[in-house]
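The block underneath contains the structure these notes are about, expressed in structure tokens.
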Amino acid sequence: MELITAYDQMVQSARVNDGRGFYQAILDFAASGIAATKNPVLLQLIDGIMPNLRRLQYVAIALKADALEESTRYFKIIIDALETRDPEKGVAAIEAYIEAEQSFAIAALKNSPLAGYIG
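My numbering numbers the first residue of the sequence shown as 110 and each following residue consecutively.
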């Protein structure tokens, strides 16, 4: 399963504080999950918001490179949800992850020299 390979890479990257590897593993994980749906409407919807999600993800990872392992727990929950066929659990983990990353990135940026550029 490609998701597991991406998750394993994510965990390994987190262990060595490799932000770029972690970022790529998250993108691979997301791409594998989205492709697995074989839902053209979902693919089109995600394609439209993916640039914003990538930017958000990049900022969050860059600002917390020393705490990447903490983020892997969401992806483990997603894999567990798929294995146990529990879509609600998987969706909840995805939503929680996105919200946590968004909150972290916004808070970090508000406390940075870039704060004047944030609306």
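From the three backbone atoms N, C-alpha and C, an ideal C-beta is built for every residue, glycine too. Note that the structure is predicted; figures quoted are calculated from it, not measured.
Where T146 sits in the DSSP three-state scheme: Helix, per DSSP.
Buried or exposed (CB count within 10 angstroms, at least 16 for buried), I210: Looking at the sequence shown, residue 210 is not Ile but Glu. Flag for E210 reads buried.
Nearest neighbour of E111, chosen from L191, N148, S212 and P149 [CA to CA]: With distances taken between Cα atoms, E111 lies closest to L191.
Distance between Y206 and I215 (C-alpha atoms, nearest Å): Cα to Cα, I215 sits roughly 14 Å from Y206.
Separation of I135 from Q153, as counted between CA atoms: Roughly 19 Å between the two C-alpha positions.
As assigned by DSSP and simplified to three states, the class of V272: Past the boundaries of the shown model lies residue 272; the chain is included only from 110 to 228, so the question cannot be answered.
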